[in-house]
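In UniProt numbering, the protein residues as written are 1 to 496.
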């Protein structure tokens with residue numbers, strides 16, 4: 001490439017691309033942080049460089065060069081990214097990076113991007129080929145605004161939350177709301193659910209907040225949900241849970257991580273015998289399997305490639321949520337607040353606090369005082385020598401010291417569902433060992449048999465007596481962000 005001109009450098013601008021005419025085989029497509037009305041472009045002299053995606057969704061960007069009159073000059077393919085998010089200019093190394101979906105980058109040197117011939121100090125790079133055709137915008141179904149459904153049966157995805165905290169984390173991740181001017185879709189007679197309608201990505205989504213926790217509330221709401229919105233193909237139960245500290249493969253689960261259901265165990269359904277509780281686990285008494293569509297979908301998400309994509313997109317949506325709700329509500333607590341005690345170590349007053357009830361608590365069946373049940377580990381002076389050392393947690397602490405942020409992980413496995421709030425490390429481990437359970441929650445069993453369901457829960461505690469609420473907001477955020485990432489991978493079924 002010859003000289004690009006004295007003191008001349010490219011710059012970045014944002015333009016309204018609504019009336020642009022993409023060349024054949026390309027489309028205007030942006031990541032979630034961008035919009036067609038504020039489209040990132042590269043400016044150089046009298047030329048505009050447009051990062052377009054390909055209609056066949058290859059992992060490349062078509063960098064289309066036009067003049068200010070809109071005439072197409074040429075196109076350069078930049079591999080490594082799609083769905084433009086932002087543009088970065090490296091003046092020192094004379095390179096331009098086009099950052100796309102999930103932080104993927106397509107980078108080109110100036111010599112390749114700006115051609116081999118320069119006239120009139122960045123004037124004409126090449127002869128103008130033709131004027132732009134009549135304005136046509138090629139829509140990207142994942143990101144661009146669409147029209148609301150004409151009827152409630154056209155909604156394809158349902159989301160259920162049990163707590164207001166969970167609901168509040170989900171709603172900012174809607175791309176559009178269909179009920180800004182009030183509900184337009186109604187519900188069947190007898191349905192007591194209140195619905196929020198809108199769009200997430202390419203799916204029309206309906207969201208319901210349960211009247212309370214537990215299987216009964218979830219079952220009633222799910223049955224009404226399915227009757228009012230008969231077109232729902234996938235239900236996502238999104239919220240928080242208590243986790244087992246290690247999954248069946250021995251991988252550590254930390255606070256803020258996310259668990260996704262492979263199937264659900266109703267662990268509190270059974271018989272109370274004089275000497276023990278015996279769970280009903282016959283085929284007739286067990287919850288059914290998820291349908292083939294959901295089983296295949298979850299199995300695909302677990303594969304190395306798709307788990308990596310899911311993780312990346314979850315972190316992307318989490319960052320977007322934290323920026324959108326900028327009061328710190330969805331920032332992670334200090335990693336020092338992630339404390340796992342030995343399963344048998346009780347949450348009680350220390351001996352020097354002279355609590356008569358707690359001082360007599362030496363075994364599993366011994367009571368602790370009511371004050372201790374509602375107090376923090378710091379106030380009770382829980383013995384830190386009883387903390388369980390964990391390798392992954394130590395690694396995160398080292399990374400934080402280096403300026404890196406906490407990155408929650410995603411785990412798949414069986415989830416235990418029941419009406420009991422699990423607050424016992426010993427019982428947690430005993431029940432988990434039977435079916436390789438990775439988490440405990442309270443609504444899945446109620447939804448599972450009423451709707452085709454995937455449970456997505458953020459880990460806010462370890463289902464032991466030391467649990468507290470410090471991680472609930474962040475865990476709600478990681479679950480909601482994973483929900484949106486999961487929807488991006490779900491394949492739409494053609495309508496007959």
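Ideal Cβ placement from N, Cα and C applies to all residues, glycine included.
These numbers come from a predicted model, not from an experiment.
Distance CB(residue i)-CB(residue j) smaller than 7 Å
i           : j           : result
residue 423 : residue 335 : no
residue 411 : residue 204 : no
residue 453 : residue 299 : no
residue 497 : residue 185 : Outside the displayed range of the chain (1 to 496) lies residue 497, so it cannot be described from this structure.
residue 414 : residue 437 : yes
residue 491 : residue 267 : no
residue 446 : residue 479 : no
residue 201 : residue 176 : no
residue 485 : residue 313 : yes
residue 31  : residue 85  : yes
residue 442 : residue 220 : no
residue 377 : residue 308 : no
residue 155 : residue 231 : yes
residue 473 : residue 337 : no
residue 228 : residue 188 : yes
residue 72  : residue 79  : no
Backbone secondary structure at residue i - three-state DSSP
i           : result
residue 204 : strand
residue 450 : coil
residue 408 : coil
residue 413 : strand
residue 377 : helix
residue 249 : coil
residue 313 : helix
residue 358 : helix
residue 255 : coil
residue 168 : helix
residue 330 : coil
residue 64  : strand
residue 388 : coil
residue 481 : helix
residue 459 : strand
residue 232 : coil
residue 18  : coil
Per-residue burial, residue i [other beta carbons within 10 Å of its own, 16 or more giving buried]
i           : result
residue 389 : exposed
residue 158 : buried
residue 451 : buried
residue 105 : exposed
residue 19  : exposed
residue 58  : exposed
residue 384 : exposed
residue 127 : Note that residue 127 scores 32 on pLDDT, short of 50, meaning its location in the model is unreliable; the coordinates nonetheless yield the value given after this. Looking at its Cβ environment, which holds fewer than 16 other Cβ atoms inside 10 Å, residue 127 is exposed.
residue 483 : buried
residue 242 : buried
residue 349 : buried
residue 129 : Residue placement at residue 129 cannot be trusted, given a pLDDT of 31 that sits under 50; what the coordinates show is reported in the next sentence. Classification of residue 129: exposed, given that the 10 Å Cβ count is below 16.
residue 25  : exposed
residue 344 : exposed
residue 323 : exposed
residue 256 : buried
residue 367 : exposed
residue 181 : exposed
residue 464 : buried
residue 418 : buried
Spatial neighbours of residue i in its chain, beta-carbon cut-off 6 Å, leaving aside the 5 residues before and after
i           : result
residue 107 : 95, 97
residue 355 : 349, 369
residue 315 : none
residue 340 : 245, 388, 462
residue 196 : 207
residue 381 : 350
Range of the contiguous beta strand (DSSP E) that encloses residue i
i           : result
residue 54  : 47–54
residue 265 : 258–266
residue 90  : 86–90
residue 28  : Taken as a continuous stretch (DSSP letters only), residue 28 belongs to no beta strand (DSSP E), as it is neither H nor E.
residue 561 : In this structure the chain extends from 1 to 496, so residue 561 is not present and cannot be described.
residue 43  : 39–44
residue 97  : 95–99
residue 440 : 439–441
Cβ neighbours of residue i in the same chain (closer than 7 Å, five flanking residues each side left out)
i           : result
residue 13  : 41, 43
residue 494 : none
residue 302 : 412
residue 109 : 94, 95
residue 10  : 42, 43, 44, 89, 96
Limits of the unbroken alpha helix (DSSP H) element including residue i
i           : result
residue 220 : 215–228
residue 112 : 110–113
residue 431 : 425–435
Own chain, CB closer than 8 Å to residue i, minus 5 neighbours either side, in chain order
i           : result
residue 429 : 244, 343
residue 489 : 297, 300, 301, 306, 309, 310
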